[in-house]
Structure formats: C-alpha cells, structure tokens
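Novice: Got a structure here, written out as structure tokens. Questions coming.
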C-alpha cells in the first residue's frame, strides 16, 4: 500500500458539519429571479406557484444526502424525478440541520449588528417562538431579536428605493433590509447576501463545535471561503467574513481571513489550513463557507418550463476543523496536492493532468486506488431542466476516460468505473458549495469507521467570470485513512 510516514503534526480532518436553510420566500431575491422580476413583475406569481413546502425540502433525497441521512450512491436506488419520492427524515440529520424560513429570517436579524434588518412585530414573536427551542440558539441571540416594527412601518420602508422587502413563501411581508443610498457596495441586496452568508456559516460552525465537543477557545484561525463581497465602495470585497462568523461562534482566541477563488476556494482553504497545522503555527483551524444567496433560484426558469417545483430553494453552508494528527482522523496528504498552474494552459487536458493525473503519479497511485472521486457535485435535477445536463456524470466519465488512457481499465469498463468511483450529484448549485466539499462528511465517516481507504477531492473554478483573465482554476488533494487505525 502506498502511504507516507506521518509525524504528530500531520493535518487531519477532525470534524465536518453542514447546514441548509429552506428559503422559498427569498427565491425572488436571487440574482436571476430579481432581474427577471424587475423586467416582468408577473414572474413573481409564476415563482410563487412553484415553491415547495418545508416538509418537501426536508425529505428531498439530495438534501438528505447533503445532510448525511443517506449515502450519495443510494440516490441511484430512488426513481427520478427525486422530488416525487421524498423521504420522511427529521430536520436534524447525521451531518447537520435544515432550518425553516421563519427561523432563518430570525437568524438574519441576530446576525445583523447595524440594524439593517427590520422585522414586523408579530413575525418577531413567531420567529422567537421557533428559535427558543433550537439547541444552538443562545440567550444572547434572543436578546438581539428586538420587538420589531409595525406592519405599516415595514410596508412604508419597503417602498423606499434603498430598502428590500422580505417575504415568506406564502407571500406575507414580514420585514425589510435597509441599505445605504450612497454606497452600492452596502446596498440592501448586497447586505442581504452577506447577512445570509454570515448566518448560514455561523449555524454550520456552531453545529460542528457542538457535535464534536470542540472547545471554542482551542480554534485559533478561521478561513472563510464564501463567494460574498464584504466591503464598501472604497474596498469592495475586502472582507473579513471569517472573523464575523468567529465572533458569532465565540471563537475569542481566533483570528482569520477570507480565501477567494470562486468554486475552488474551499479546497484551497483546506490545504492552507493543513499547512498551518503541519507547520505548527496553529493547533486547530476552522474552514467555513456560507451560502450564496445570489444563486438562489438561478435555474428557476427551467423548473417553471418543466412545471416542476423550484428545488433551487435552499441556502447551503459547511464547516470543517483541521487539527494535528490524533491517530484516528483522516489525513490530508500534503504530498498529493494538485494545482492548476498558470503556465499549464486552460484546456481540459491540462486541467485534468494537473489536478488528477500528476498528483496520482507523484504519490505512486493508480486511478483505481482512489475509492471515490469528489468533484463538481451539482444536483442534476437542478441543472438538467435548464439545459446544462448532468455536470457530475460528465466529470466521472472524464475520469474514467483517463483511466482508459492510462491502460488501467478497458473501454467497455468505463461505465462501471464511473459508477464505482463516482456518485450522483446531490448538492445545491451554489458554486463553492458544490465543488467536492459536500462529500467530505461522508468521506470522513467511511475513512474512520467504514471500508473507504482514499478519496480525492477535486475543485474546478471559473476565474474568467471576473473578466480579469481567461484562465480557469483548479485544486485537489487526497484524503486518506489514518495509518494508525
């Protein structure tokens, strides 16, 4: 077996947790729906008629796979369309929680330290009642939920050009977000995106700290990997969401920063955190990623055309803690890192070589030595109605093709290899969230108590979206069973 000799400073995944927030009322605030509504107001009614209930979101098989209730491969045993075969899961599942919209909007207010979010007084009482029983909501959180404002004030303020109204799934106006008129970087829609990112990342990290029994004082650095742009007109996107989330989670001994690399940011951050631990700079580093509200309902038109529910209605987040080797937890092999170098070129062949083939060759492994490849895990029921096809399946057929080229398997074994070493896509399409990270919880389970030996995590990014370069991006690493087990 190919492995490496580890010291007690080698980095391991100490814990992983996820969080989903069902946000049907906020679908209209996603970038694509909001642009379409501004041009054709009747789109609001079309969206409203295709929003699903919280119960359907909880039982939806891909959401259950994201939260650890089922293993991704089990999706193959469920007939498509999956939204017609919802399970009966509890909202709290093995790897995390899914929160209903009334609680989410309460969390937006709790996360708001500048009184940007105003909630209607009767809704505040409703949200408080829902949050009081949540095990991760603290008394200090409840104190931040003020008595609220009258409906007439909310209605009047929502009509202001600098404000954005907040609606529930049933169309009820329950609040608004107030932006700065003179600063587009602090506009209502940007503040809403950032507060949603902060709230969801906070809940994922709180879940991890609680479930893993981690002492908040022991986490010394936080890396945030979200796609939000926190700043003002003088420093757009300057950050630092990492410290804002750490403050919400009581990490008083931590500092932190934000990692920006489009979809690749989480994988970059996990490797950066691992090097910090390996170097002895910090004992525990948290990596978090909040939601991308801008992508909510991004493919809604395809769902409307297919007359199916809008399933792009959840906000996703995750949290990971990297620590020194404990003899139990899965090991990030720092000798297996793959990066899409600037000089490599942006062809598909160059990307796959630098991210997959070269790292495997470097550590002396074959394609078949990797039990599972985690790559772009977008839920195909979101992407197919919009004409994007099954992104995940295409990637696995590509990896299988590389194994054929390496003469490791025959061409007629391509499909079997793809199924064995891949998995169905099950993640929301929120960029950095979908790129490999959704499988990390399942991987750590299998590497510690199951029969998985190695998983390769591969992130691909689209740097050209920023119009500063036409390059792509990519980063990868191998996660391996701890040799002490």
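Residue numbers (our numbering): 3 to 487.
The C-beta atom is built at its ideal place from N, Cα and C for all residues, glycine as well.
1) Taking 6 Å as the line, does the beta carbon of residue 76 fall inside it for any heavy atom of the ligand ADP?
2) Between the region 118 to 129 and the region 145 to 152, are three or more C-beta pairs nearer than 8 Å?
3) What number of angstroms, rounded off, separates the C-alpha of residue 336 from the C-alpha of residue 463?
4) Quick check: what's the CA-CA separation for residue 16 versus residue 51?
5) Jot down the residue ranges of each uninterrupted alpha helix (DSSP H) in the region 115 to 181, minimum 4 residues, whole runs only, in chain order.
6) Mind the definition here: the region 306 to 316 touches the region 49 to 68 only if three or more C-beta pairs lie below 8 Å; say whether that holds.
7) Roughly how many angstroms separate the alpha carbons of residue 216 and residue 296, rounded to a whole number?
8) Can you name the start and end residues of the alpha helix (DSSP H) that residue 244 belongs to?
9) Could you give the first and the last residue of the continuous beta strand (DSSP E) run that contains residue 333?
10) Alpha carbon to alpha carbon, how far is residue 139 from residue 324? Give it in angstroms, no decimals.
11) Which class does residue 102 belong to by DSSP, given the choice of helix, strand or coil?
12) Determine whether the beta carbon atoms of residue 456 and residue 480 lie at a separation below 7 Å.
13) With distances taken Cα to Cα, identify the nearest neighbour of residue 242 among 213, 200, 275, 269.
14) I need the straight-line Cα distance from residue 406 to residue 420, nearest angstrom please.
15) Answer with buried or exposed for residue 354, where buried requires no fewer than 16 other C-beta atoms within 10 angstroms of its C-beta.
16) Which stretch, first to last residue, makes up the alpha helix (DSSP H) that contains residue 409?
17) Determine, using beta-carbon pairs with one atom in the region 314 to 334 and one in the region 440 to 459, whether at least three such pairs fall under 8 Å.
18) I'd like to know whether the C-beta atoms of residue 127 and residue 91 end up nearer to each other than 7 Å.
19) Counting only the same chain and skipping the five closest in sequence on each side, list residues whose C-beta sits under 6 Å from that of residue 240.
20) By a C-beta neighbour count over all protein chains shown, 10 Å radius and 16 as the cutoff for buried, is residue 69 buried or exposed?
21) Quick check on this structure: which residue in 369, 173, 114 has the alpha carbon closest to the alpha carbon of residue 103?
22) Touch check for the region 272 to 287 and the region 176 to 186: three-plus C-beta pairs under 8 Å?
23) With a CB to CB cut of under 8 Å and the five nearest residues on each side skipped, what residues in its chain are close to residue 364?
24) Rounded to whole angstroms, what is the Cα-Cα separation between residue 345 and residue 398?
25) Checking 7 Å against the spacing of the C-beta atoms, do residue 99 and residue 21 come in under that value?
26) Where does residue 376 land, buried or exposed, given buried means 16+ other C-beta within 10 angstroms?
27) With DSSP as the reference, label residue 7 as helix, strand or coil.
28) Express the C-alpha separation of residue 105 and residue 45 in angstroms, rounding to a whole number.
29) Give a yes or no on whether the C-beta atoms belonging to residue 228 and residue 291 are separated by under 7 Å.
30) Who are the Cβ neighbours of residue 27 in its own chain at under 6 Å, not counting the five residues just before and after it?
31) With DSSP run on the structure shown, which of helix, strand or coil describes residue 462?
32) On the criterion of 16 or more Cβ atoms from any shown chain inside 10 Å, does residue 369 qualify as buried, or is it exposed?
33) Taking the alpha carbon of residue 467 as the reference point, which residue from 360, 306, 262 has its own alpha carbon closest?
34) Comparing alpha-carbon positions, which option in 322, 144, 476 lies nearest residue 265?
35) Drop a sphere of 10 angstroms on the beta-carbon of residue 470, count the other beta-carbons inside from all chains shown, and report buried for 16 or more, exposed for fewer.
36) Any beta carbon from chain C within less than 7 Å of residue 148's own beta carbon?
Specialist: This is what the structure holds:
1) By its list of ligands, the structure shown contains no ligand whatsoever, and the ligand ADP lies outside what it can speak to.
2) Yes: the two stretches touch, three or more of their Cβ pairs being nearer than 8 Å.
3) Approximately 21 Å between the Cα atoms of the pair.
4) 43 Å
5) 123 to 133, 141 to 146, 153 to 160
6) yes
7) 32 Å
8) 243 to 250
9) Taken as a continuous stretch (DSSP letters only), the beta strand (DSSP E) holding residue 333 covers 333 to 341.
10) 25 Å
11) coil
12) yes
13) 200
14) 11 Å
15) Burial state of residue 354 is buried, judged by a 10 Å Cβ sphere holding 16 or more other Cβ atoms.
16) Here residue 409 belongs to no alpha helix (DSSP H), and DSSP marks it neither H nor E.
17) yes
18) Judged by beta-carbon spacing, residue 91 lies beyond the 7 Å limit of residue 127, meaning their Cβ atoms are not closer than that value.
19) 233
20) buried
21) Per the C-alpha coordinates, the member of 369, 173, 114 positioned closest to residue 103 is 173.
22) no
23) 337, 338
24) 25 Å
25) Yes, Cβ-Cβ distance for residue 99 and residue 21 is below 7 Å.
26) buried
27) Note that residue 7 has pLDDT 40, beneath the 50 cutoff, so the model's placement of it is unreliable and the number below is only indicative. Coil at residue 7, not helix or strand.
28) 26 Å
29) yes
30) 103, 169, 170, 171
31) Strand, per DSSP.
32) Flag for residue 369 reads buried.
33) 262
34) 476
35) exposed
36) The question asks about chain C, but that chain is absent: this structure has only one protein chain.
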